[in-house]
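Going down the list, the protein sequences come from chains S and C. By full-length UniProt numbering, the letter at position 68 of the first sequence is numbered 68, and the numbering carries on one by one without gaps. By full-length UniProt numbering, the letter at position 22 of the second sequence is numbered 22, and the numbering carries on one by one without gaps. Where is the CB? At the ideal position from N, CA and C, for every residue including glycine. Predicted, not measured: the structure shown is a model, and the values here were computed from it.
2 protein chains.
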Amino acid sequence: MATDDLMTRALETVGDDGPLSVEVIHRLTDLADVPEPMTIAEVADLLDMTPHTLRYYERAGLVEVARDRYGHRVYDSETVRRLVFLTRMRLSGMPMRDLQHYISLVDAGQDTVPERLDMLLEHRDIIRRRIRELTLSLAATEYKIATYGGSTGPDDAALDTATEL
Amino acid sequence: MATDDLMTRALETVGDDGPLSVEVIHRLTDLADVPEPMTIAEVADLLDMTPHTLRYYERAGLVEVARDRYGHRVYDSETVRRLVFLTRMRLSGMPMRDLQHYISLVDAGQDTVPERLDMLLEHRDIIRRRIRELTLSLAATEYKIATYGGSTGPDDAALDTATEL
DNA sequence: CTATGGCTTTGAGCGCGCGCGAACGCAAAC
DNA sequence: GTTTGCGTTCGCGCGCGCTCAAAGCCATAG
Chain S
1 MATDDLMTRA LETVGDDGPL SVEVIHRLTD LADVPEPMTI AEVADLLDMT PHTLRYYERA
61 GLVEVARDRY GHRVYDSETV RRLVFLTRMR LSGMPMRDLQ HYISLVDAGQ DTVPERLDML
121 LEHRDIIRRR IRELTLSLAA TEYKIATYGG STGPDDAALD TATEL
Chain C
1 MATDDLMTRA LETVGDDGPL SVEVIHRLTD LADVPEPMTI AEVADLLDMT PHTLRYYERA
61 GLVEVARDRY GHRVYDSETV RRLVFLTRMR LSGMPMRDLQ HYISLVDAGQ DTVPERLDML
121 LEHRDIIRRR IRELTLSLAA TEYKIATYGG STGPDDAALD TATEL
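The following block contains the structure:
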């Protein structure tokens, strides 16, 4: 279990086409099973990223991380939750620049809630469009796979070589 | 219509959650409404890419393009179809390297059909996984949006600032 | 009690995938 | 004639993260 990242666990939980209930979302963010103060290696393992990337995020101002008496980073659950959020946003295509902006809004206090909401709404639309694009590409790919398989006639042979689709 | 790319047209055709029938796929690849020999600008417009990128693909060995007596590129429907295919694969995440390999297989003749099929199957799985990832991120984003909106209680307020999710 | 290996720290620099920009010339079209 | 659009080449730029180097602390092993 230690080597699984959150997304992998989530996908296993959900299955190929299961419903995405609120409960699933909750389970996703249920971090009770991880130790409270985490090392950089543990967090990296949890989020399926390298320590390098975590330090990179920190330099980029996305998180602040406390240190122990040896200067080693100590991640509390608060920070880990933020990193989970950030990772998810990155994975769904939000650029670093936008993440930095979002975090700056969070740090700026409650007045920025509307703007944060706007960012989330816009990002939601981007994800939706991306899903539609991919669904289309998936359909096209499956179509091509199907015609490849059943290629017997001249037309189908043409499809093969002619790179139709 | 000239400024629309294929994907945009396709998405408009499909709508937000319509079924992806074979007919839709056919309509997608119905290039009858484009002139037979196309210039680089026309193809770029059709595929929503720049002439630069088209020349780049050509240099990369993905297509061979004939020239007219002025040295200008002349794209026949065959080449355009290949470019449509390549663009779709790129958009759905296939790296240039794999596209180059695929094209080399196409050029190598019918013996490579099984390997091409393998590539397509693998790519199909990648797209599927990507869609599931995005679906999950979408659900998480929508969940966060919902909690942002209805933040009245103390727990919800904590969600706001604590970057939960 | 060293030592060997394994983790951490910082900083600077590199690399990849993908494509764009700039500079320049030539032919056609207004 | 000047503007437009295409041609080529060289090099750059971006986003993102990794590599490399030099050094410190800890634990287990001899």
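Under 9 Å Cβ-Cβ, which residues of chain C neighbour residue i?
i	result
S/Tyr148	Val113, Arg116, Leu117, Leu120
Determine the extent of the alpha helix (DSSP H) in which residue i is found, giving its start and end residues.
i	result
S/Pro51	51-59
S/Gln110	Here S/Gln110 belongs to no alpha helix (DSSP H), and DSSP marks it neither H nor E.
C/Leu46	40-47
C/Val84	77-91
Check the DSSP bridge columns for residue i and list the partner residues they point to.
i	result
residue 166 of chain S	With chain S covering only 1 through 165, there is no way to say anything about residue 166 of chain S.
Since residue i meets chain S, which of its residues come closer than 7 Å, beta carbon to beta carbon?
i	result
C/Leu91	Glu133, Ser137
C/Glu58	Result: empty, since nearest Cβ-Cβ is about 15 Å, beyond 7 Å.
C/Arg88	Ser137, Ala140
So residue i and residue j are in contact, right, with Cβ under 8 Å, and what is the actual spacing, rounded?
i	j	result
C/Val84	C/Leu136	No, C/Val84 and C/Leu136 are not in contact; Cβ-Cβ is about 30 Å, not under 8 Å.
C/Gln100	C/Ala60	6 Å
S/Met96	S/His123	Going by Cβ atoms, the distance from S/Met96 to S/His123 rounds to 14 Å, so no, they are not a contact pair.
C/Ser77	C/Glu36	6 Å
S/Ile103	S/Arg73	So it is not a contact: roughly 18 Å between Cβ atoms.
S/Leu105	S/Thr112	4 Å
C/Leu86	C/Leu117	Contact doesn't hold; Cβ gap of about 17 Å is too wide.
S/Leu134	C/Ile127	6 Å
C/Val80	C/Met49	The Cβ separation is near 12 Å, so there is no contact.
S/Ile131	C/Ile131	6 Å
Give the residues of chain C in contact with residue i, contact being defined as C-beta atoms less than 8 Å apart.
i	result
S/Glu142	Arg124
S/Ile40	In chain order: nothing, as chain C lies at least about 19 Å away.
Quick one: which chain C residues come within Cβ less than 7 Å of residue i?
i	result
S/Arg128	Leu138
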